[in-house]
Amino acid sequence: MEIPGGVRSAREAGLVACQRCTRVWPAGTEVCDRCGHTIESRDHLALQKVWAWWVVGLACYVPANVLPMLSTRTLVIQQENTIVGGAVELAEHGNWGVAIVILVASVLIPMGKFAVIAALAMSVRHGSSMSRIRRQQLYEVVEYIGRWSMIDVFVVALLSSLVQLGALAAIVPGPASLYFALSVIFTMLSAQSFDSRMIWDPDAVVDKQARAAELRNRAG
Amino acid sequence: MSDSANTPPSVPVQPVRRSVWERVSIVWVIPLIALIIALGVAWQTYQSQGPVIEIAFENASGMAANETELRYRDVAVGIVERVTFTEDLSKVLVRVRLDKEVADYVDGDSQFWVVRPRISTEGIEGLDTVLTGVFIEGLWDTEPSGTFPVRFDGLDEAPLSRDGRTGLQLRLRATGDSGLTENAPIVYRGIEVGRIGRAEVSQDGSTVEAPALIFAPHDRLISSATRFWESSGFTFSFGPNGAEIDFSSIASLISGGITFSTVVSGGEAVDPDTVYSVYTDESSARASVFAESDGTPLMLTAIFEDNVAGLASDSPVDLGGVRVGRVQSVNGIVDEERFGDRRVRLAATMAIRPSRLGLPDGNSSPQVALDFFRSQVAEGLRARLVTSSILTGGLKIELLMVDDAEPAELDVDARPNPLIPTTDSQIADVSATAEGLFERINSLPIEGLMQSAIGAMDNVSRFIANDDLRQVPGDLRGLLGDARGLIGSEAAQELPVELTRTATELRTLVERLNTERSVERLLAAVDAVAVAGTSASEAVAGVPTLIEQLEAVAAKANALPLEDLVTQLRDVADSANAVLGTDAARALPAAATDSLTELSTLLADLRERNVAGNAAEALSAVSEAAAKLSASVDGVPALIEKIDAVAAKAGELPLDELADRLSSLLASADALIGTDAARALPADLSEALASLRAVLDDLREGGVIENANRTFASASDAADAISAAATDLPALIRRAQAVLGQASEMLRGYDASNGVGREASQALREVERAAAAVSSLARALERNPNSLLFGRR
């Protein structure tokens, strides 16, 4: 079974690598002799974990956008802004740069992560038109960029701790910040749960068809 | 598939029968937990969510959804969810999400109002809303109630009893410009004890009413005897102590204020929403306690056709002359539907005090008074305007019974007050009356009167200017000179001494009389005389007529030739003067003195002989006679009438001739007196007096006293006889009346025939002759004076 691009997977080579210390063992080895880590060629529950974290993350993302992210109280006025509302307001005031940053960091990236993770998980099962190497790169980008999604939460935390001027003005994190942080965490967990080695496995669909053909041959 | 030969054959993956726990990742617990948490939160949120109420406000200034709070005692218990309009856009509808904890307490009596910043003379309120924005304040009781309506009407203003301020809610009513300013303080002895709410003009526009709250515990100061008055502004009084200005507080100076006092003791506790009147000052408030302590007044309205000036508030309302109420307000009224035209009529609202009507059993409720008026109006009671003061032209309302009134009835259902029918007004026009008076004065014949007076004065002046009249004083002076000479003689000087002595004797005699208790008899006699006097006074009633007749006679006399008469009189006076001037006349006093001396001696003797006793008897007899006389006087008035008639006849007589005769008679008398014989008469008299003295001497010596005693006894008898005769006097008077009647007839005959005049002139001639005879007699006496006493020899 040739993998396009001429790359052979370790599994095809009858090998299995320790996930912790990267020592390669022959297929079938249960425990890494060097670090004692349990060795599995494929995590058969990985997709379930991905989807589980993904659902929770998405669930948290909804209140994170609906509830106010930041509560600004000055002497005269008390203002609560959602993430998108704040960005729009900033844009209306002319701060396009900041507004774009917020929109990218708080909306575009999380949404992109959800979409990418879902797409990767789907591609493992149903195959994809995208090349395997491209998908691997995509996964790496998602995993890398995921930690920066917390920048929103950091901003809120900084502002809240800095702007506490008693009765004159105060900035209090809204409930959305908590949900946003949870959403980011769950998304990162979801991305980490994905076993990227499955990208290189033969498509499950092909596999299934092959297996069905084999069973027919046996019977025949 | 060459590769497959090289690679180890694919391990047939034997599907291992794995347990559910091995096939399903444990991570799925996380979404499950999240789901459970989310559901739990949602459920809890739903559970803790209170009900939604809707409050309607006039406007929603400052209110914003999800921001404006509903507060109860300044604690947020809800939030505005939405601000919309009512279906007809007439009001703003605010949807408020209540907290679950207070939802049970909100019921139909709940009040909601918007708290906004507000600056007034009493201070600044709601300052916090400047920064936080407005909020809705709610007020409800502390009793949980199961159900509550969804829709509430919000108040425009904060209710008086807010912020947990409790107390007694009253209603204050004022007429005219009152101090019922909204939110003004009610001050008691300088302490704010209450507040006035928003004042509203009453339905008929005559009064202003405002709710007021007296905070606890000061509400115990309020009783039925409490009176409210304005303490607003300042009072300025100017009197003997100088000018005085007084104001209670700056706040009340600006915005007005009300104070109160319980004027008399014995007031009862009052119910909430009792209506109190607000008076303009303290004195009238205190006075009202005594004036209006008689219950609630009955309000009546009267609409007068004539719209005249002069009727004002507080004008009296009279019923049968008794003041039973006062005019509370006077308004113009135009009601085309009711009266058919657009004329302005006078609508007077009266406050009748039922207790003044004197209704039986002291029942003085307005309803009883209203029934009374209804029955009275059916019998003809009407209201009308009458003048109460001529000077000011002020009017008052009088309720009176009109006999022929058109049927009408008290309109009990009229609003705002029962309507009493009216009748024509009676308004005195002062100017017209005064004009009539001046016209009458103007038409008096003053000029004719003045001319008559001038003529009369001219006549008087001419009369006084008469020469004869002027000579009269000179003659009189001469006469007086002679008289003085006569009196100046020594004998005349001695007269008083003798008189004094005689008086002394008389006094002694009177003392004796006193001792004989004759005074009482005299008193009886005097009583009889008094009765006679009464009769006489009755008789005098006829005198005025007599006087009129006499006046007529005098008028005739006025026309007589008085000048001649005066001349004659002067001549007589001259003659008398000549007579008095003789020596013999001067000697007369001396003789008189002697005679008096003798008389004195005689009286002394009389005293010794107890004459007084007899005199007393004689007096009692006189008293009886007087009594008889008084009885007989009854006929006198008739007699006077006769005399009147005679006088009337006399008035008609032609006296002129008579006067002529008199004039000639006087001339004759003049001639008589002018004779020497007449001049000698005094001397003869003197001698005669001397003889008299001698006679008296003889008398004294010859036991005359005894004779005098006897004489008095005879006098007593004579008096008795007179008394008896007096009984016959009425008959005598009747006779006299008859005689006078005949005289009257005779005078009439005189008038008719003039023959009597001739008879009179003949009689006068006879008199003349008689005078001549007297003259000769005088001459005879001159020759032989003793013959006067002893007869002719």
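As they're listed, the protein sequences go chains A and B. Per this note's numbering, residue 1 is the first one in the first sequence, and the count goes up by one each step. Per this note's numbering, residue 1001 is the first one in the second sequence, and the count goes up by one each step. Cβ atoms here follow ideal geometry from the backbone N, Cα and C, with glycine treated the same way.
| request: Out of A:Met150, A:Asn217, A:Ser196, A:Val184, state which residue places its alpha-carbon closest to the alpha-carbon of Ala10 of chain A. | output: A:Ser196
| request: Would you mind telling me which residues of chain B sit closer than 7 Å to Trp200 of chain A, beta carbon to beta carbon, in chain order? | output: Ordered by position in chain B, no residue passes the 7 Å Cβ test against Trp200 of chain A, which lies about 16 Å from the chain.
| Thinking just about the alpha-carbon of each residue, which of B:Gln1049, B:Ala1065, B:Thr1502, B:Ala1064 is nearest to the one in Val1102 of chain B? | B:Gln1049
| request: Assuming Thr1814 of chain B contacts Gly1133 of chain B (C-beta within less than 8 Å), just tell me the rounded distance between them. | output: For residue 1814 of chain B there is no data in the structure shown, the boundaries of chain B being 1001 and 1793.
| Cβ of Gln136 of chain A within 8 Å of any chain B Cβ | no
| CB contact check: Pro1031 of chain B to chain A, cutoff 8 Å | yes
| When the cut-off is 8 Å and only beta carbons count, does Gln19 of chain A lie next to chain B? | no
| query | In chain order, what residues of the region 79-95 of chain A put their CB closer than 8 Å to some CB of chain B? | reply | none
| request: Output the boundary residues of the alpha helix (DSSP H) element that contains Ser1461 of chain B. | output: 1446-1464
| Can you round the beta-carbon distance between Ile1352 of chain B and Ala1369 of chain B to whole angstroms, since I take them to be within the 8 Å contact cut? | 6 Å
| field | Inter-residue Cα distance where the pair is His93 of chain A and Val1106 of chain B | value | 44 Å
| Got a sec: is the Cβ-Cβ distance from Ala52 of chain A to anything in chain B below 8 Å? | yes
| said: So, with DSSP's three-state summary, where would you put Glu1548 of chain B? | reply: helix
| said: Check this for me: beta carbons of Pro1149 of chain B and Asp1104 of chain B, under 8 Å apart or not? | reply: no
| Rounded distance between the beta-carbons of Ser1224 of chain B and Val1270 of chain B, thought under 8 Å | 6 Å
| field | Ser1600 of chain B, buried or exposed, once every other Cβ within 10 Å from all chains shown has been counted against 16 | value | buried
| field | Ala59 of chain A versus Arg132 of chain A: straight-line alpha-carbon distance, rounded | value | 29 Å
| Going along chain B, which residues have a C-beta under 7 Å from Val76 of chain A? | Leu1131
| said: In the DSSP assignment, the beta strand (DSSP E) including Ala1210 of chain B goes from what residue to what residue? | reply: 1207-1215
| Can you tell me the Cα-Cα spacing of Ile185 of chain A and Leu70 of chain A, whole angstroms? | 20 Å
| query | Which two residues bound the contiguous beta strand (DSSP E) that contains Asp1099 of chain B? | reply | 1092-1099
| For Trp1043 of chain B, which three-state DSSP category applies? | helix
| query | What's the gap between the Cα of Arg1082 of chain B and the Cα of Arg20 of chain A? | reply | 58 Å
| request: Determine the closest residue to Val156 of chain A out of A:Glu143, A:Asp201, A:Ala176, with distance taken between C-alpha atoms. | output: A:Ala176
| message | Starting from Pro1366 of chain B, trace the alpha helix (DSSP H) in both directions and tell me its first and last residue. | response | 1366-1378
| Cβ separation of Val142 of chain A and Ala191 of chain A, assumed to be a contact under 8 Å, to the nearest whole Å | 5 Å
| request: Whole angstroms is fine: what's the gap from Met150 of chain A's alpha carbon to Ala181 of chain A's? | output: 7 Å
| query | Buried or exposed: which applies to Val62 of chain A, given that a residue is buried once 16 or more other Cβ atoms fall within 10 Å of its Cβ? | reply | exposed
| task | Assign Asp1318 of chain B to one of three DSSP states: helix, strand, or coil. | result | strand
| Given that Trp1028 of chain B touches chain A, what residues does it touch there, using C-beta distances under 7 Å? | Gln48, Ala52
| DSSP beta-bridge partners for Asn1417 of chain B? | According to DSSP, Asn1417 of chain B bridges with nothing at all.
| Supposed contact pair Val1327 of chain B and Asp1341 of chain B - C-beta distance, whole angstroms, cut 8 Å | Asp1341 of chain B to Val1327 of chain B, Cβ: 25 Å. No contact.
| request: Just grab the DSSP bridge partners of Met1401 of chain B for me. | output: B:Leu1381
| query | Looking at the structure shown, is Ser1277 of chain B part of a helix, part of a strand, or coil, going by DSSP? | reply | strand
| task | Could I get the ranges of all uninterrupted beta strand (DSSP E) runs contained in the region 1123-1169 of chain B, with 3 residues as the minimum, in chain order? | result | 1123-1125, 1135-1139, 1151-1153
| message | Comparing C-alpha positions only, which one of B:Ser1489, B:Thr1593, B:Val1027 sits nearest to Ala52 of chain A? | response | B:Val1027
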